[in-house]
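Quick notes on the structure that follows.
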Amino acid sequence: MRVSTMALICRRFAAKKRGTFTQSLSLFSSSFHDLSHNNNRPFSPTPRIDFSCIHGVDDAVFLFREMLRMRPQPCVVEFNKLLTSIVKMKKYSVTLNVFDEMRQSGASVDEYTLNIVINCYCLLNRVDFGFAILGSFFKRGYEPNIITFNTLIKGLFLDDKVIEAEKLFIKLLALGLCEPNEATILTMVNGLCKAGHTLTAYDLLRLLEKTSFKPDVQTYNTVINSLCKDRMVDDALQLLATMIDKGIAPNIVTYNSMLQGLCNFGRWKDVKDLIIEMADHKISLNVFTFNILVDALCKDGMVKEAKDVFEIMMQKNVPPNSVTCNAMIDGYSLVGQIDKARKLLDSMSGRGLKPSIINYGRLINGYCKNEKVEEAWRLFLEVPQKGLDHNVVTYNIMLHGLFGAGRFAEGLKLFKDMQAQQVIPNLVTYNTLLNGLCMSKQFADAFSILHVMEDQGVNPNIVTYSVLIHGLCKDGKLETARNLFNGLPSKGLQPNVQIYTIIIRSLCQEGLVDEAKFLLREMEKSGCAPSSLIYEVIIKGLLTRNELSEAKTFLDEMCIRGLST
DNA sequence: GTAGGGTTAG
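According to the UniProt record's numbering, the stretch in the first sequence is residues 1 to 565, in order.
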């Protein structure tokens, strides 16, 4: 954010104290007014509506029609309650239709109604229609309030209009249209983070700290979480220290976000310190915390430690859930203890957990990775008997397993079965299938799959082509591979390190080391950093041609770049 | 129960 914006924020929030005072005064007097008014109010004949009969959207629409027919008609508050009940069911278009009927039949509409309508447009990604409703406010003699603007800001973010959201926020401050509140700030911070502008959100937060406005714990959590996801874990730690310093108490979500960030980088010492800090702040670990720890330990291959954490969970009366089991199943699979993974899945029912299709998928994957495809297949067949449906992920896992084991015919049969079961193949499915076809040298079929993908609206990605190019190179079809490779930019695809490695290795194996060297330079020009593997491949190629001095040159270059063997 | 935010894991 720019300097002028920062000054603006400081000015707006520095002036806040006065505003609060007058506000509370007027609040006081208006409640007096209400009291006296209530005492004298005659019995109100407008009907009260019982909304407890609404169980689905049809009930709501039925009730709405009845309300329209009632005489005297229920007041606008009742209509607003009805609209809200439809919004809660996430039926935004229905809400808008109902609003339209309200308008046509002349039922009364107030600023609450209009805010509900704007919210629906925003949630349908039509923030432009939301802005159009602003006109209705003025036409009906209402003024948009802070809720209106918060909703519109959220709508702009939902529509990826980050700049416009910022502009609206700044306009709000500059023109003093309404006093921004905590929801405004959270909407801004959350929107910026989700749009990938973590540092802008961070700057905004730090700026607000300097004013009389106190960002709440949720706002801090959002930024800390986003910093961790963007690998700025130390900045997140610092922000955590700052919030404590400012008297904002971190909660379990703050710590879990922070722990996740630290675990992602294997910073176990910091993890330990943070858990101690949590204890000092009397914040007890919940199932999320334990899952973060179990998952990170398993991913790092520390399955024994993960199992210990799993035991502690139960001692602390925090029951493991399906996510915990997934992490443990993966961990056991990783270290080759597939039988323990199986035992865990089998023990789930006894722990009051019904294994989900995801749990089965993980175990099937574990069997495949441990070269027990027969077991995997048996389990795969058991799934429907357990009352669970296979999804695209489990099919992909099984396909991958079968092809990996060289069982190509069965893989193809499974692919057909999948379609018969109305499970729609995705990009991963096609890439897996292509891999199978290439491994079994069915290149004609592989190329026709490329066309099928296009027909199905599944855009081939860089993985698709690297599978094909890899298969072609492995079968000595370097020329075809090279043509595919050269055609990538025209398809809008940027070759990655993997593809360069495949093609450079193949060139070296064919003795075309000069071309390989040329590609290395091309790769650098395109901004793709060469790996040590690429250097090794080229050096090896040079050595087989007895070009010792040049091999030495590349070895030196590799060392200068800090790449080691 | 008349309107707006909503942060963490597979």
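Here a beta-carbon is modelled for each residue, glycine too, at the ideal position from N, C-alpha and C.
With DSSP run on the structure shown, which of helix, strand or coil describes residue i?
i: L285; result: coil
i: H400; result: helix
i: G301; result: coil
i: L493; result: coil
i: V94; result: helix
i: L555; result: helix
i: V109; result: coil
i: H390; result: coil
i: V458; result: coil
i: S356; result: coil
i: Q419; result: helix
i: N317; result: coil
i: Q337; result: coil
i: R505; result: helix
i: M328; result: helix
i: G487; result: coil
i: G436; result: helix
i: A529; result: coil
i: Q442; result: coil
i: R267; result: coil
i: H55; result: coil
i: C193; result: helix
i: C120; result: helix
i: I560; result: helix
i: K413; result: helix
i: A405; result: coil
i: Q73; result: coil
i: L293; result: helix
i: E510; result: coil
i: K477; result: coil
i: P425; result: coil
Report all residues from its chain with a CB closer than 6 Å to the CB of residue i; omit the five preceding and five following residues, and keep chain order.
i: I252; result: I283, N286
i: D216; result: E182
i: H470; result: I502
i: W377; result: none
i: L379; result: I364
i: L123; result: Y92
i: D159; result: N125, V127
Going by the CB atoms, is the gap between residue j and residue i shorter than 8 Å?
i: R351; j: I329; result: no
i: L152; j: V189; result: no
i: F518; j: I503; result: no
i: T184; j: N150; result: yes
i: A195; j: F157; result: yes
i: I449; j: L433; result: yes
i: T242; j: N291; result: no
i: F403; j: N435; result: yes
i: C528; j: P489; result: no
i: N326; j: I358; result: yes
i: A165; j: G135; result: no
i: V303; j: V271; result: no
i: T289; j: N256; result: yes
i: K246; j: E209; result: yes
i: I133; j: I116; result: no
i: V76; j: S108; result: yes
i: S564; j: S531; result: no
Residues in its own chain within less than 7 Å of residue i by CB, not counting five upstream and five downstream?
i: K17; result: Residue confidence is low: K17 scores 41 on pLDDT, short of 50, so the model does not pin down where it sits. Its coordinate-derived value is still stated next. Counting only Cβ-Cβ distances below 7 Å, and skipping sequence neighbours, we find S212.
i: E375; result: Y367
i: G266; result: D300
i: I424; result: V392
i: R60; result: Position check: residue 60 holds Ala in this sequence, whereas Arg was assumed. Result list for A60: I54, L82, S85, I86, in chain order.
i: E410; result: L402
i: L548; result: none
i: V497; result: C528, S531
i: S506; result: C473, L478, A481
Would you say the beta carbon of residue i comes nearer than 7 Å to a heavy atom of the ligand FAD?
i: T480; result: In the structure on display, the ligand FAD does not appear, and there are no ligands present to speak of.
Hey, residue i and residue j are a contact pair by Cβ (cut 8 Å); roughly how many whole angstroms apart?
i: V223; j: C263; result: No, V223 and C263 are not in contact; Cβ-Cβ is about 19 Å, not under 8 Å.
i: Q238; j: L186; result: Their Cβ separation, rounded to whole angstroms, is 21 Å, which puts Q238 and L186 out of contact at 8 Å.
i: M398; j: L414; result: 6 Å
i: A341; j: S333; result: 5 Å
i: I539; j: L555; result: 6 Å
Who are the Cβ neighbours of residue i in its own chain at under 8 Å, not counting the five residues just before and after it?
i: L63; result: I49, F51, C53, I54, L82
i: D235; result: Y202, L227
i: V458; result: P425, N426, L427, Y430
Item to check | Uninterrupted beta strand (DSSP E) stretches inside the segment 195-247 (no shorter than 3 residues) | outcome: Complete beta strand (DSSP E) runs here, min 3: none at all.
Item to check | Those runs of the alpha helix (DSSP H) which lie wholly inside the segment 124-188 and span at least 4 residues | outcome: Fully enclosed alpha helix (DSSP H) runs of 4 or longer: 127-139, 146-158, 162-175.
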